[in-house]
Amino acid sequence: MKVRRKLRHASPSGTPGNGFLRRAPGAAPHADTRRFSSVAVVPFWGRIRNHLEQEREARGRAVLSGGVESLLNELHPSISWHAPLLHVDDQQEEQRADPLGEGLVIAPSLFAPGPMVLDAETGGQDAPVLVYNVSPTTDTAAGLWQQQEEDRTAALSDLLGHTRANVLESLRSPVSISEISRRLDLSHPSVSRHLGVLRRSGMVAAERRDNLTLHRLTHLGEAVLGRRD
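Residue numbers (UniProt numbering): 1 to 229.
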């Protein structure tokens, strides 16, 4: 399969059987991946998603300040861009992409073994997909997967309700209603109602930046949500 070949190219040994792609005898295809996801991804998906969203937003700002060439050359030491050639080390061939023509989807990943380029069909997008691995620091990893934090998050959901707790979590950095709506797949009126309750309770405040209303945590909101170390 194409994904398996791409992962083989990205694997340091070049042999997926030596790593996480090895399947137990008699196991159904993808069973190990589903098992891994149920343990390491699904229970912590809210925090993983927010972490990757922050990475995506930071890269979006990098495009605005330095352009596409600067972004691609700073993504990862193994990635270099000299138009129209995108080069990813440790792959068997150089990958060509035209961001201004066919486009290029840039996807951060916590689990990719290394940077890789997937064609549009394999990546499930309308353009080639450049996957690059985001290696968390020790403190960041503890914040993503520490079970005590998960227990606190569950308690917060019990206190505020699952959706409102997610809205509060999305305010780790100032953000607009439209962005919250997109992240959480909620309607604008629904997000506005939840923000209104949080604002009246003193956990959220609004501010204007360049004709855009952004919502942020107050000191009370930070205390309720809990700071990330």
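All C-beta atoms, glycine included, are put in the ideal place defined by N, C-alpha and C.
Values in this document were obtained by computation on a predicted structure and should not be read as measured data.
Where residue i falls, given that 16 or more other Cβ within 10 Å makes a residue buried
i      : result
His51  : buried
His162 : exposed
Arg23  : Only weak support exists for where Arg23 lies, its pLDDT of 49 falling under 50; the coordinates are left without a value.
Ser65  : exposed
Glu169 : buried
His188 : exposed
Phe36  : exposed
Thr138 : exposed
Gly67  : exposed
Gly124 : exposed
Chain-order list of residues whose beta-carbon lies under 7 Å from that of residue i (same chain, five-residue window excluded)
i      : result
Val41  : Ile48
Leu71  : Arg59, Ala62 and Val63
Ile106 : Arg59 and Leu130
Asp119 : Pro128
Nearest to residue i (by Cα), restricted to the options the options
i      : options                           : result
Leu212 : Ser37, Leu184 and Ser176          : Ser176
His83  : Leu104, Val191 and Pro108         : Here residue 83 turns out to be Ala, not His, going by the sequence shown. If we check each option's Cα against that of Ala83, Leu104 comes out closest.
Asp126 : Glu102, Ser38 and His76           : Glu102
Leu130 : Pro174, Glu222, Thr140 and Ser78  : Ser78
Leu220 : Gly202, Ala142 and Gly66          : Gly202
Leu225 : Arg199, Arg172 and Glu207         : Arg172
His194 : Thr218, Leu217, Ser37 and Arg164  : Arg164
Gln54  : Ala142, Arg200, Pro136 and Arg208 : Pro136
Arg209 : Glu222, Arg200 and Pro174         : Pro174
Leu75  : Asp139, Tyr132 and Ala154         : Tyr132
Leu156 : Thr33, Gly67, Glu222 and Ser38    : Glu222
Contact check, residue i vs residue j, beta carbons under 8 Å
i      : j      : result
Val197 : His215 : no
Val117 : Pro128 : yes
Val88  : Leu110 : no
Thr140 : Gly46  : no
Residues near residue i by beta carbon distance below 8 Å, same chain, minus five either side
i      : result
Val191 : Val167, Ile177, Ile180, Ser181 and Leu184
Sequence-distant residues of the same chain with beta carbon closer than 6 Å to residue i, five excluded per side
i      : result
Glu207 : Leu214
Glu69  : Trp81
Glu57  : none
Leu217 : Leu171
Ala31  : none
> What runs of the alpha helix (DSSP H), each 4 residues or longer, lie entirely inside the region 26-71?
Replying inline: 31-40
> Residue ranges of each beta strand (DSSP E) run of no fewer than 3 residues wholly in the UniProt domain "HTH arsR-type" (154-229), ordered along the chain?
Replying inline: 204-209 and 212-217
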